[in-house]
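Going by the UniProt record's numbering, the first residue of the sequence shown is number 1, and it counts up by one from there.
Cβ atoms here follow ideal geometry from the backbone N, Cα and C, with glycine treated the same way.
Only one structure is covered here, and it is reproduced in the block below.
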Amino acid sequence: MPEQDGNVIELYYDCISPYSWIAFESGAMPEQDGNVIELYYDCISPYSWIAFEVLTSYEKILPFKLKLKPYSLPWVMKGASQIPPALQSPAKAMYMMKDLKNVADYWNVPLHQPEDFLGGTLKRGTAKAQRFLTAIQLNQPKYLEAASRELFKRVWSTDKPVHQIEHLREVAASIGLPDADKIIGAVDSPRVKETLKKRTDEALEQGAFGAPWIVLRRPNKEEVCFFGSDRIHVIVHLLGCSFPGPVVKAKL
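Next up, the structure:
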């Protein structure tokens with residue numbers, strides 16, 4: 001064991017907090033060690049929400065920095081010549097509904113199937129929502145996580161629309177977004193559209209074909225890409241850590 005050299009860490013904790021338990025057992029929060037995880041996501045994707053909640057929680061207890069990268073799933077599907085999974089076959093659609101419930105329950109994400117996903121949610125799309133997130137990232141980046149979560153909740157928990165400006169205003173009000181009118185006004189601007197397109201093209205160049213798309217970058221090692229939310233345990237392994245499991249409920 002190394003000498004303490006007079007260094008002292010004071011841990012203030014409450015047994016109601018799962019983070020406190022992890023810090024208590026580990027002795028200290030881990031350093032990031034230059035590891036970066038990039039999460040490409042679209043709020044039309046339920047598995048994106050699961051990955052989003054897990055990674056935003058794990059960032060607090062594992063050695064990596066999370067970079068949120070909202071992109072356009074329809075553009076990815078078109079660029080990769082893919083068909084949305086729910087449209088590939090009735091059997092796959094039925095499987096996904098059951099799988100989503102099981103996976104969401106495991107991770108404590110309150111995900112509920114929209115009443116009319118194919119004819120309503122999917123048809124209306126999330127183009128304005130994803131541009132809204134892009135505009136927030138360009139102007140008020142510290143609100144990106146809260147805005148993303150609120151959009152995920154509307155699509156996949158409370159079954160509320162996200163495709164019109166008035167819906168974006170509701171999201172902005174719910175998270176206390178500064179300069180909301182300016183940011184919402186930029187949703188259809190060339191700068192925001194081009195930024196979203198460049199990020200989507202960036203993911204396609206990495207091999208993306210769906211959402212979520214996750215990229216793990218570690219110093220002096222080859223980057224590793226993952227599709228979906230079911231490889232989190234592998235990512236944790238590559239970080240050299242033990243898998244924490246569903247340690248935290250979604251912050252909703």
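Straight across, the Cα-Cα distance linking I214 with L151 is about 20 Å.
Taking C-beta atoms as the reference points, A51 and P212 count as a pair closer than 7 Å.
The beta-carbon separation of A208 and V54, rounded to 19 Å, does not stay under the 8 Å limit for a contact.
Straight-line spacing of the CA atoms in E166 and G125 works out to 15 Å. DSSP, reduced to helix, strand and coil, places L204 within a helical segment of the structure shown. Taken in chain order, the complete beta strand (DSSP E) segments of 3 residues or longer contained in the stretch 25 to 100 are 36 to 41 and 65 to 70. Closest in C-alpha terms to M97, from the list Y47, G120, P141 and Y40, comes Y47. By the criterion of at least three beta-carbon pairs nearer than 8 Å, the stretch 66 to 81 is not in contact with the stretch 219 to 237. Between V171 and R131, the C-beta gap is not smaller than 7 Å, which leaves the two residues out of contact. A direct Cα-to-Cα measurement between F243 and P190 gives close to 42 Å. Across the set T134, T121 and Q82, the C-alpha of T134 shows the shortest separation from the C-alpha of K198. F227 is bridged by DSSP to W213.
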